[in-house]
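Q:
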Amino acid sequence: MEEEDDIDRRMQFVLALRRHGVIDRDVLAAMETTPREAFLEGIFRERAYQDTPLPIACGQTISQPSVVGLMTQALELDRRCKVLEIGTGSGYQAAILAKLARRVYTVERHKPLAQAARRALEKLELANVIVVHGDGALGLPEQAPFDRILVTAAAEDTPRLLVDQLRIGGIMVLPVGQTATVQTLIKITRTEDGLDYADLGEVRFVPLVEGVASDVSK
Ligand code: SAH
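Counting in this note's numbering, the sequence shown runs from 74 upward without gaps.
The structure is reproduced here in structure tokens:
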């Protein structure tokens, strides 16, 4: 019985993704086969298949699944891609990226989150993700250039340092906005001549904060 409930929940989950415009088959398959509860704690695990953001440690949030889907879809990933994610949070988005790309580097400023994400990703045997504790506002110059960059925290403006780490022909997706409550998701394609911008709609993300966090060590 429980198993049937589980199948039903997952079916509803995929339907909700489709309703929100996530139609890429590979993205849907990656999301269907990634257990979101593995990135949540305590009572929130029960709500893993609801299309809603949920609290994680350090006052942060795991993103809404349909937003994860739309951002992943906008990245147009393939197996050859080297991807940089800023804002590891729970590690859920990184897990989806890992299923669709060659290698994923993900940077988180809260050490406890970076550690928990690393553990969750290891448990799922996703060996092509590297979690880095650091300031993602600086990117990861030692691994640049990247084929794709995804920022999962909101900046006031497009961070120039990150654009500089994007390969020509590469795609970057990020929420940009002047307010803390609502931002615009944008897709930037770096061409030979400059940058192309596309507007993907309104989203709500926690802010991109400069510097590593001074968490009490655990
Ligand atoms: N992608 C995450 C959700 C991210 S919430 C998931 O799938 O769960 C945004 C995350 O960005 C938070 O964990 C926050 O701590 C982190 N963040 C904010 N500013 C940052 C910065 N400058 N460098 C690295 N991480 C940052």
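Ideal placement from N, C-alpha and C gives every residue a C-beta, glycine not left out. Being a predicted model, the structure only gives us computed values, none of them experimental.
Beta carbon of His183: closer than 7 Å to some heavy atom of the ligand SAH?
A: Indeed, a heavy atom of the ligand SAH lies less than 7 Å from the Cβ.
Q: Where does Pro138 fall in DSSP's three states?
A: Helix, per DSSP.
Q: Is the beta carbon of Val177 closer than 8 Å to that of Asn201?
A: Yes, the Cβ-Cβ distance between Asn201 and Val177 is below 8 Å.
Q: Identify which residue in Leu101, Gly209, Ala217, Gly162 has its Cα closest to the Cα of Leu186.
A: Ranking the options by Cα distance to Leu186, first place goes to Gly162.
Q: Any chance the region 88–107 sits against the region 253–271, with 3 or more Cβ pairs inside 8 Å?
A: In short, these stretches do not touch, since the Cβ pair count stays below three.
Q: Assess contact between the region 243–251 and the region 205–223, defined as three or more Cβ pairs (one per stretch) separated by less than 8 Å. Is contact present?
A: Because the criterion of three Cβ pairs below 8 Å is met, the region 243–251 and the region 205–223 touch.
Q: With distances taken Cα to Cα, identify the nearest neighbour of Phe112 among Ile159, Val140, Ala189.
A: Selected option, being the one with the closest Cα: Ala189.
Q: Taking the continuous beta strand (DSSP E) assigned at Val202, which residues delimit it?
A: Here the beta strand (DSSP E) through Val202 covers 202–206.
Q: How would you label Met144, buried or exposed, when you count the other beta carbons within 10 angstroms and need 16 or more for buried?
A: Met144 should be labelled buried.
Q: Confirm, please, whether the CB-CB distance from Val156 to Phe219 is below 8 Å.
A: The answer is yes: Cβ separation under 8 Å.
Q: Does the Cβ of Pro138 have 16 or more other Cβ atoms within 10 Å, making it buried, or fewer, making it exposed?
A: Buried, by the Cβ-count rule.
Q: Have a look at Ala89, Val87, Glu110, Leu234 and flag the residue whose alpha-carbon is nearest the alpha-carbon of Lys196.
A: Checking every option, the nearest Cα to that of Lys196 belongs to Glu110.
Q: For Ala168, does the count of other Cβ atoms within 10 angstroms reach 16, so buried, or fall short, so exposed?
A: By the 10 Å Cβ count, Ala168 comes out buried.
Q: If I'm right that Arg175 touches Arg191 with Cβ under 8 Å, what's the distance once you round it to whole angstroms?
A: No, Arg175 and Arg191 are not in contact; Cβ-Cβ is about 19 Å, not under 8 Å.
Q: Let me know if Tyr122 comes out buried or exposed under the rule of 16 or more other beta-carbons within 10 Å of its beta-carbon.
A: Burial call: buried.
Q: Any idea if Pro128 is buried or exposed, counting beta-carbon neighbours within 10 angstroms, 16 or more meaning buried?
A: Label assigned to Pro128: exposed.
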